[in-house]
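S.K.: I have a structure here, written as structure tokens, and I will follow up with some questions on it.
Number of protein chains: 2
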Amino acid sequence: MADWWQWSQKKENEALTFAVVGVGRFGTAVCRELLSNGADVLAADFSEKAIDDLRQLEPSIEARVVDCTDEESMKESGILEMNTVVVGISEPIEASITTTLIAKDSEGSKVKRVIARATSDLHEKMLKRVGADKVVFPSRMQGERLGLELVRPNLIERLELDNQTGIDEITVPEEFIGRSLRDLNLRKNYLVNVLAAGPAEELTVNPPAKYILERGNILVVMGKTVDLQKLPQN
Amino acid sequence: MADWWQWSQKKENEALTFAVVGVGRFGTAVCRELLSNGADVLAADFSEKAIDDLRQLEPSIEARVVDCTDEESMKESGILEMNTVVVGISEPIEASITTTLIAKDSEGSKVKRVIARATSDLHEKMLKRVGADKVVFPSRMQGERLGLELVRPNLIERLELDNQTGIDEITVPEEFIGRSLRDLNLRKNYLVNVLAAGPAEELTVNPPAKYILERGNILVVMGKTVDLQKLPQN
């Protein structure tokens, strides 16, 4: 079944189409990111105000007021014609569950994948039971992010390569300011490799040894997590 | 004043201490990330159940039931002795605002920084008025993340170096499987640099040209965003 679907998708070179149901802060952010990457998006919400707010932010978006707990309304809206449906409704939980079930189970639905937002473990379980293919927890993920920022205040972004290795984007620590990469010799002194350095908007990738770090510059370094953590903090 | 504070902080080599008020999904994630990085955390919530749930997850945590909208309770709890207070309460909004104000304004409070979670623009504005130093929006940030994943399904993590350049962690696309890095020559054919490759748990950093990519492997590449987007998708 999975094989057939992949084959069919490649064969027809089908476009990726998305519906986002529930356009609060989460759903709106999903819509905007999809649009900015050139995807087709149909946005829907129970609330006329939510749809109006979204249209103000993104005048070009296709957005409709839809009762997403009603099968006929979902059909008429065109949501069930999309490949992927994102259910961004957080409450009432019944609405989130019903919408997910309709998208997955309605006769004639062309939806291949439903991604739903959960607010509790029980909510997650219910979403999976009615067929959600993926469940996301915005608060938990963002909480982890904030916790990390608090203990490593220089850290702007981090990429974990594996359990031991990572890439960190940090602001240049106080004691590195005005010094060249040759002078600092981070490879020898901290066992980390410099991938890029400079002002946020015009970083130099693979900077030369003579490169001098200035206040507010960003430094992108790769290395073992334990070594990255030894870099000075401001 | 800022100078004096920095000087004094360095002089006394003060430890970073944290209180997290409101331990739902967001606050709990903040606590766990802080603990896993070796920080001192005091957790507090109105709800005995929330505190019990947290203690089950993290038996070693110091956690208390506190009425955080009451100045005396906040003082007695020890929260006002911490450097940083994270207000993870999302509702009622009044509780989030009152807690922030007490932490910032109470006589004798040692709190230097309050980071609060907002659920609306108006909530954000109120938090800033009563003194929050930083306001975070979990849903918006996670929504952006999901939107990106949907249009670039191979993408596991991304680091934006500047507007034009980035580092992407992707799963090896179908057509790269079984081929060596020399053979693929991503530098020439896609204008991207390979930083690491291999299975998620044991990546090879700076892999040699003879390195052969296998199904399910991860590939970490650096380059211009437009070039990174041209890499094949599964």
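Residue numbers (my numbering), protein chains in the order written: chain A, 1 to 234; chain B, 1001 to 1234.
Ideal Cβ placement from N, Cα and C applies to all residues, glycine included.
Where does A/V130 sit, in a helix, a strand or coil, going by DSSP?
M.R.: Correct three-state label for A/V130: coil.
S.K.: Rounded to whole angstroms, what is the Cα-Cα separation between A/T165 and B/E1175?
M.R.: In a straight line, the C-alpha of A/T165 is about 27 Å away from that of B/E1175.
S.K.: Do the stretch 53-64 of chain A and the stretch 118-127 of chain A touch if we need at least three Cβ pairs shorter than 8 Å?
M.R.: The answer is no - the stretch 118-127 of chain A does not touch the stretch 53-64 of chain A, with fewer than three Cβ pairs under 8 Å.
S.K.: Report the rounded CA-to-CA distance for B/C1068 versus A/G147, giving the unit in angstroms.
M.R.: If I take the Cα positions, the gap works out to 21 Å.
S.K.: Output needed for B/A1019: all residues of its chain with C-beta closer than 6 Å, excluding positions within five of it in sequence on either side, in chain order.
M.R.: Cβ neighbours of B/A1019 beyond the five flanking positions: L1042, I1079, M1082, V1085.
S.K.: Kindly list, in the order they appear in chain B, the residues whose Cβ is closer than 7 Å to that of A/D162.
M.R.: Ordered by position in chain B, the residues that pass the 7 Å Cβ test against A/D162 are A1200, E1201, E1202, L1203.
S.K.: When you compare the CB of B/Q1056 with every CB in chain A, is at least one pair closer than 8 Å?
M.R.: No, no contact with chain A.
S.K.: Within 10 angstroms of the Cβ of B/E1033, are there 16 or more other Cβ atoms? Answer buried if so, exposed if not.
M.R.: With 16 or more Cβ atoms within 10 Å of its Cβ, B/E1033 is classed as buried.
S.K.: Is the Cβ of A/S8 closer than 8 Å to any Cβ of chain B?
M.R.: Interpretation of A/S8 is limited by its pLDDT of 39, a score under 50 that renders its predicted location unreliable; no figure is taken from the coordinates.
S.K.: Taking the Cβ atom as the reference point for each residue, do A/Y211 and A/A200 lie within a distance shorter than 8 Å?
M.R.: Result no, Cβ atoms of A/Y211 and A/A200 do not sit closer than 8 Å.
S.K.: Just grab the DSSP bridge partners of A/G147 for me.
M.R.: Partner(s): none; A/G147 has no beta bridge.
S.K.: Is B/A1209 helix, strand or coil by DSSP?
M.R.: Coil.
S.K.: In this structure, how does DSSP classify A/I89 when only helix, strand and coil are distinguished?
M.R.: Residue state, collapsed to three classes: coil.
S.K.: Beta-carbon within less than 8 Å of B/I1218's beta-carbon, same chain only, minus the 5 sequence neighbours each way: which residues are those?
M.R.: I1156, E1169, I1170, T1171, V1172, A1196, A1197, G1198, P1199, A1200, L1203.
S.K.: Excluding five sequence neighbours on each side, which residues of the same chain lie with their C-beta closer than 6 Å to the C-beta of A/I115?
M.R.: V86, K134, listed in sequence order.
S.K.: List the residues of chain A that B/T1100 touches, going by C-beta distances under 7 Å, in chain order.
M.R.: Correct list: empty, because the minimum Cβ distance to chain A is about 15 Å.
S.K.: DSSP on A/T119, reduced to helix/strand/coil?
M.R.: DSSP places A/T119 in coil when its eight states are reduced to three.
S.K.: Given a limit of 9 Å on CB to CB distance, which residues of the stretch 1078-1098 of chain B reach chain A?
M.R.: Cβ contacts with chain A come from T1084, V1086, G1088, S1090.
S.K.: Counting contacts by CB-CB distance shorter than 8 Å, is A/I167 in contact with chain B?
M.R.: True, the Cβ-Cβ gap to chain B drops below 8 Å.
S.K.: Please say whether A/K125 and A/P106 have beta carbons closer to each other than 8 Å?
M.R.: As written in the sequence, residue 106 of chain A is Ser, which differs from the Pro given in the question. Taking 8 Å as the Cβ cut-off, A/S106 and A/K125 do not qualify as a contacting pair.
S.K.: Quick check on the burial criterion: 16 or more other C-beta atoms within 10 angstroms. Buried or exposed for A/P207?
M.R.: With 16 or more Cβ atoms within 10 Å of its Cβ, A/P207 is classed as buried.
S.K.: Between the alpha carbons of A/V111 and A/A132, how many angstroms are there, rounded?
M.R.: Taking the straight line from one Cα to the other gives about 11 Å.
S.K.: Take the Cβ of B/D1045 as the centre, count every other Cβ of all protein chains shown within 10 Å, and call the residue buried at 16 or more, exposed below.
M.R.: Flag for B/D1045 reads buried.
S.K.: When the Cα atoms are used, what is the spatial distance from A/L181 to B/P1153?
M.R.: When rounded, the distance between both Cα atoms is 36 Å.
S.K.: Residues bridged to B/V1114 by DSSP?
M.R.: For B/V1114, which the question treats as bridged, DSSP gives the partners B/V1085.
S.K.: Find out if the Cβ-Cβ distance for the pair A/A103, A/S96 is shorter than 8 Å.
M.R.: It is not a contact, given that the beta carbons lie outside the stated cut-off.
S.K.: Just curious, the beta strand (DSSP E) that B/R1064 is in, first and last residue?
M.R.: Counting along the chain, the beta strand (DSSP E) containing B/R1064 begins and ends at 1062-1065.
S.K.: Is B/L1191 buried or exposed, if buried means 16 or more other CB atoms sit within 10 Å of its CB?
M.R.: That one is exposed.
S.K.: Mapping DSSP to helix, strand and coil, what is B/T1069?
M.R.: DSSP places B/T1069 in coil when its eight states are reduced to three.
S.K.: Have a look at B/V1151 and A/D40 and give me their C-alpha separation to the nearest angstrom.
M.R.: Their Cα atoms are separated by approximately 10 Å.
S.K.: Give me the Cα-Cα distance between A/I93 and A/G24, rounded to the nearest whole angstrom.
M.R.: Roughly 15 Å between the two C-alpha positions.
S.K.: I'd like to know whether the C-beta of A/A43 is nearer than 8 Å to at least one C-beta of chain C.
M.R.: Among the protein chains in the structure shown, which are A and B, there is no chain C.
S.K.: How many angstroms separate the CA atom of B/L1160 from the CA atom of B/T1099?
M.R.: Reading the sequence as shown, one finds Glu at residue 1160 of chain B and not Leu. Near 35 Å, if we compare the C-alpha coordinates of B/T1099 and B/E1160.
S.K.: If you run the structure through DSSP and keep just helix, strand and coil, what is A/F137?
M.R.: A/F137 falls in the coil class under three-state DSSP.
S.K.: Within 8 Å of any Cβ in chain B, is that where the Cβ of A/N37 sits?
M.R.: Yes, because at least one Cβ of chain B sits closer than 8 Å to the Cβ of A/N37.
S.K.: Between the stretch 135-158 of chain A and chain B, which residues of the former have CB atoms less than 7 Å from a CB of the latter, in chain order?
M.R.: The stretch 135-158 of chain A vs chain B, Cβ under 7 Å: V136, F137, P138, S139, R140, M141, Q142, G143, E144, L146, G147, L148, L150, V151, E157.
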